[in-house]
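**Q**
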Amino acid sequence: MTMRRIPVLVVLVFLITGIPATAEFYTDWLWFKELGYEQVFLRSLTAKSIVTVVSGVIVFALLAGNLLLALRSLRPRPFMIATPQGPQTIMMDPSTIRPLAMGIVGLVALLTAIYAGGRWETWLYFLNATPFGKVDPILGRDIGFYVFTLPFLEMLQGIAYFIVFLMAAVALAAYVFGEEVGLDATRGVFVSRRATQHLGLLAAVMLLVLAFGAWLQIPQLLTTSSGVVTGATYADVHARMPAQWLLVGAALLSAALAVWQALTVGRLWPIAAAAGLYFLVSLVGSAYAAIIQRFVVAPNEQVRETPFIVHNIHATRAAFGLEGVIERPLSGEAHLTRADLERNSATIDNVPLWNEGPLRDTFGQIQEIRTYYDFAAVDNDRYTINGQYRQIMLSARELNSRALPSRTWINEHLTFTHGYGITLGPVNEVTKEGLPVLFIRDLPPVSTVDLTVTQPAIYYGELPNDHVFVKTKTQEFDYPRGEDNVFTTYSGEGGVTLSNVFRRLMFAIRFRSTDTFFSPNLTHESRVMMYRRIAERVQRIAPFLKYDPDPYLTITDGRLIWMQDAYTTSERYPYSTTIGGVNYIRNAIKVTIDAYHGTTTFHVVDRSDPIAQTVGKIFPELLKPLDAMPESLRTRLRYPQQIFTMQAAMFATFHMTNPAVFYNREDQWEIPSLEAGPKAAPMHPYYTIMKLPGEAGPEYIQMLPFTPRGKDNLASWMVAR
């Protein structure tokens, strides 16, 4: 390749990669700004940029300086190579090696910077850490150290180990290539004074990094599972932790020995002695821990591990919010009377007759009306209807653009832009034909009760529909009416305005669509709606939260509002058992999404959660207090199924607070299974309206029964309210 072609290649690479990336960046910025979250976008971008640039510069400086120092030993040398014409001699000049080597160093630094930049959340959590106000029972550190600080320190140690190892490998290769390190018949192993000093100092740095890693492994023992419990066991506390401290000391002593060798002795044996000391202590420590486990713990495991079982029980119950569970006796010996039925009429009147799966299919058969409509899910809720507290099921009639009979650009992006209306009915009524009774049905929506929908258009929902343009010269399909169609023009505030030619160009590049730029149907008042799927929308705004897989639709003051539960989670809570990849979870945040405007609001519902507090420090514009949520919307909050399922699964074991009973699993419960096709599936929690014993009136609750392990009789049932 000639030098003239390099600028052309650079321009082509930029055109292929740089312009689309710029368009995506700019349009994302417009989208965040339209939602009012431009500061969230900028703070995330700033953090990622700082971490990427700083780590890239540091890594490049270290690798480049190390490489240039090692390459000083190179001299022009002849090399014999085989060619079709026979052996030929070429001269290898260091001046030709350095640019290539520096290019490789730059690539390694870039890849390392990209990796570190992808962990920008870890850095921000570390800088804005909030104490939990609780300490672990072994080291006495606040839980926040494990959740916020330890992951950051592990990231630093991992990057440092990789870089120092690479520096040592490159330096050694350079010295071998420069014949300052080698092996021959007369001298044996030979090392120059300069190579000895350089490699000795690198060995010292590597040993310091290993000492740091050995120190980090001590708190890591409290978050890993190595025995009968999660967290540090008897062998960990009495053998592995002391061994790790010895390893830290050995690494520091070895590092000092390596420095002494580099500065004074000028021989290889101190480096070998330093490395040997470190690995010897490591092997002895592992062997000692194994001996303690086999000959001290195993013969009397229950007694030895009892204190650590207690730690595991307390930590798991705290991490999963089980400390506040109120336990009441369940005798199962009461006789049902008519008076009992009358006192619990609200429960009897709301006994569900429909499951979500069959009901969704039935809704699809009788209420989809057109093939391009789809009921993505059926949601469970409760409303006061005609003065009566009723449990209902409802489903949004969403537009499925993939089911359009003619999938042209105009149809998919300008005409068919939204779904329309809902289907809603009670959980406990059927018609004479065996179909569900519907309180709200048809197009346009018709209500037979005092619950009505005044804005039935659904631009944002659960289906993965593509972007659309509204307020265009093309009227939007609203809903079918007999053989005709009703059309409309969007009058809301959702979407990014295409206010100038540059914006249209950027969106055209982003969507890879010439129609977006040249279509005469788009005007300066037109708006583009993207990220319309609820799951994608919230993930795009706040990727550091975990989200419930089932957002549910609510009717609030006549409007359709989606409710999305968000979780703050960690897998680093000391002594807590892990389920589903996490060992700490709180439903600390509720997200609301207007189905018409797309307005997305994050509300904190658990101010005591340290992770939510940390997120609030990082992004003060993101989280709104619960008081800012309208009262009519607050009445729609419910206990989410996902976290209740996890809590129930943990409580099946961790209701046993006696360590002896826990160790032997004497009172182990399990969630019953239901026959579902060829295989049995665990029962899911379900919502119902019930008057709990000792309570004043009926409540909308979620419940799940437990059975003894391996048996079918009822052991207990758990309620979330």
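So for the sequence shown, the numbering used here puts the first residue at 44; every next one is plus one.
Glycine is no exception: its CB is placed at the ideal position from the N, C-alpha and C atoms.
Note that the coordinates shown come from a computational prediction; the quantities given were computed from them, not determined experimentally.
Taking the C-alpha atoms as reference points, what is the distance between residue 657 and residue 589?
**A** 15 Å
**Q** With H, G and I counted as helix, E and B as strand and the rest as coil, what does DSSP make of residue 612?
**A** Three-state DSSP puts residue 612 in a strand.
**Q** The beta strand (DSSP E) that contains residue 381, what's its start and end?
**A** No beta strand (DSSP E) holds residue 381; the alpha helix (DSSP H) holding it covers 381-386.
**Q** Applying the criterion that 16 or more other CB atoms from any shown protein chain within 10 Å of the CB defines a buried residue, is residue 208 buried or exposed?
**A** By the 16-neighbour rule on beta-carbons within 10 angstroms, residue 208 is exposed.
**Q** DSSP on residue 753, reduced to helix/strand/coil?
**A** Three-state result, residue 753: coil.
**Q** Cα separation between residue 755 and residue 731?
**A** Our two residues, residue 755 and residue 731, have alpha carbons roughly 22 Å apart in a direct line.
**Q** Do you know whose CA, among 358, 242, 289, lies nearest residue 327's CA?
**A** 289
**Q** Whole angstroms are fine: how far does the CA of residue 497 sit from the CA of residue 753?
**A** 52 Å
**Q** Suppose the cutoff is 7 Å on Cβ atoms and the five residues either side in sequence are ignored; what does the same chain contact list for residue 44 look like?
**A** Since pLDDT at residue 44 reaches only 48, below the 50 mark, its modelled position is unreliable, and the value read off the structure follows with that caveat. Once the five neighbours on either side are set aside, residue 44 has no close Cβ partner at all.
**Q** Looking at the unbroken beta strand (DSSP E) that takes in residue 585, where does it start and where does it end?
**A** Residue 585 -> no beta strand (DSSP E), and no H or E assigned at all.
**Q** Just the Cα atoms here: how many angstroms apart are residue 698 and residue 189?
**A** In a straight line, the C-alpha of residue 698 is about 25 Å away from that of residue 189.
**Q** Tell me whether residue 712 sits in a helix, a strand or coil according to DSSP, three-state version.
**A** Residue 712 sits in a strand when the DSSP states are folded into three classes.
**Q** Relative to the alpha-carbon of residue 713, which residue among 729, 702, 694, 393 has its alpha-carbon at the smallest distance?
**A** 694
**Q** Am I right that residue 551 and residue 560 are in contact with their C-beta atoms under 8 Å? What's the rounded C-beta distance?
**A** Contact between residue 551 and residue 560 holds: CB atoms are separated by about 4 Å, below the 8 Å threshold.
**Q** If you draw a straight line from the alpha carbon of residue 530 to that of residue 518, how long is it in whole angstroms?
**A** 6 Å
**Q** Considering only their Cβ atoms, is the gap separating residue 494 from residue 428 smaller than 7 Å?
**A** Against a cut-off of 7 Å, the Cβ pair of residue 494 and residue 428 comes out as a contact.
**Q** In whole angstroms, what separates the C-alpha of residue 330 from that of residue 612?
**A** 36 Å
**Q** Nearest-angstrom Cα distance between residue 167 and residue 748?
**A** So the alpha carbons of these two residues sit roughly 41 Å apart.
**Q** Should residue 716 be labelled buried (16 or more other beta-carbon atoms within 10 Å of its own) or exposed?
**A** exposed
**Q** Rounded to whole angstroms, how far is the Cβ of residue 638 from the Cβ of residue 605, which I believe are closer than 8 Å?
**A** 6 Å
**Q** What are the boundary residues of the alpha helix (DSSP H) that residue 706 is part of?
**A** According to the DSSP assignment, residue 706 belongs to the alpha helix (DSSP H) that extends over 702-707.
**Q** Suppose you measure from the CA of residue 442 to the CA of residue 269; what does that come to, to the nearest Å?
**A** Those two C-alpha atoms are separated by around 51 Å.
**Q** Let's test the definition: count the other Cβ atoms within 10 Å of the Cβ of residue 520 and tell me whether it reaches 16, buried, or not, exposed.
**A** buried
**Q** Specify, as a first and last residue, the run of the alpha helix (DSSP H) that residue 210 falls within.
**A** 193-220
**Q** Please list, in chain order, all residues of the same chain as residue 204 whose beta carbon is under 6 Å from its beta carbon, the five residues on each side excluded.
**A** 252
**Q** Does DSSP put residue 184 in a helix, in a strand, or in coil?
**A** coil
**Q** Hey, is the segment 443-450 in contact with the segment 498-511, meaning 3+ C-beta pairs nearer than 8 Å?
**A** The segment 443-450 and the segment 498-511 touch, with no fewer than 3 CB-CB distances between them shorter than 8 Å.
**Q** Kindly list the residues whose CB is nearer than 8 Å to the CB of residue 418, restricted to its own chain and excluding five residues on each side of it in sequence; keep chain order.
**A** Cβ neighbours of residue 418 beyond the five flanking positions: 403, 406, 407, 410, 411, 438, 439, 440, 441, 466.
**Q** Please report the residue range of the beta strand (DSSP E) in which residue 434 lies.
**A** 431-442
**Q** With a Cβ-Cβ cutoff of 7 Å, do residue 265 and residue 298 count as a contact?
**A** no
**Q** If you draw a straight line from the alpha carbon of residue 341 to that of residue 155, how long is it in whole angstroms?
**A** 44 Å
**Q** Alpha carbon to alpha carbon, how far is residue 351 from residue 763? Give it in angstroms, no decimals.
**A** 29 Å
**Q** With a 10 Å radius around its C-beta and 16 neighbouring C-beta atoms as the bar for buried, classify residue 537 as buried or exposed.
**A** In summary, residue 537 is buried, with 16 or more beta-carbon neighbours lying within 10 Å of its beta-carbon over all protein chains present.
**Q** Starting from residue 371, follow its DSSP beta bridges and name the residues at the other end.
**A** DSSP output for residue 371 lists no bridge partner at all.
**Q** Once DSSP output is grouped into helix, strand and coil, what is the label at residue 412?
**A** coil
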